[in-house]
Structures are given as C-alpha cells and as structure tokens.
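Quick notes on the structure that follows.
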Amino acid sequence: MQALYNADVYTDEVRQMILESGHIGIEIANRWMMGWPKRVVNLMIQDTYEDVFQNQLLQEQDAIARASNLSHLAPTEIVVMSGLNLEPPEV
0 MQALYNADVY TDEVRQMILE SGHIGIEIAN RWMMGWPKRV VNLMIQDTYE
50 DVFQNQLLQE QDAIARASNL SHLAPTEIVV MSGLNLEPPE V
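See below:
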C-alpha cells in the first residue's frame with residue numbers, strides 16, 4: 000500500500016480515517032498535501048478536513064467505478080475527465 004505523505008501533520012483520528020479509506024483515499028490525501036499543504040493545514044485547523052475529504056473520496060470512487068470502459072486511463076485522468084477538481088477546497 001502507498002505511504003501517507005507527511006503523515007505527522009494529521010491528527011491521529013484523521014490519519015486513521017485516511018489510511019482506512021484505501022488506495023484512492025491515500026492518493027487524494029497525498030495529492031492534496033503535496034500540492035496544497037497550506038490548504039490542508041487550514042482545513043485541519045477549521046476542523047473540516049474529514050468532511051471535505053470524505054466528499055472527495057466518494058466522488059472519485061464513483062467516477063472511477065463509472066469509467067470501467069476507460070481502464071486504459073490512470074485514475075487521476077478519469078477524475079479530471081469527470082469534471083472533478085483535484086484540489087482541496089479553499090477555506
């Protein structure tokens with residue numbers, strides 16, 4: 000399984016939620032932390048990270064599941080083609 004980038008930034012509860020979310024969840028968390036670390040920290044401070052993460056996870060899982068005919072594409076490409084935003088929301 001893929002490692003969680005900067006795992007020490009998250010609270011124990013959030014870190015556990017991310018790890019339990021599987022491969023797609025860890026990819027989302029890593030993408031957000033590598034690309035927009037300040038937004039991630041702000042979401043953690045505002046105590047809204049879990050809600051927006053779960054929402055993004057469900058949307059990406061749904062997009063990937065619906066794209067079974069696009070198996071030649073990477074999951075991130077499918078997410079982009081589905082019109083989903085790769086970035087975490089701004090607080």
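Last residue of the sequence shown? That's 90 in numbering that gives the first Met the number 0, and every number before it is there in order. All C-beta atoms in this analysis are idealised placements derived from N, C-alpha and C, irrespective of residue type, glycine included.
Secondary structure note for residue 49: its alpha helix (DSSP H) is the uninterrupted segment 48 to 65.
In the DSSP assignment, residue 31 falls within the unbroken alpha helix (DSSP H) covering 21 to 34. Residue 59 is not a Cβ neighbour of residue 17, given a cutoff of 8 Å. Take residue 32, set aside five residues on each side of it, and the residues of its chain with a beta-carbon closer than 6 Å to its own are 4, 5, 39, in chain order. For residue 78, the uninterrupted alpha helix (DSSP H) segment begins and ends at 74 to 80. Residue nearest to residue 26 within the set 47, 52, 89 is 52 (criterion: CA-CA distance). Taking the Cα positions, residue 29 is about 13 Å away from residue 37. Scanning 10, 55, 62, 79 for the CA closest to the CA of residue 46 turns up 10.
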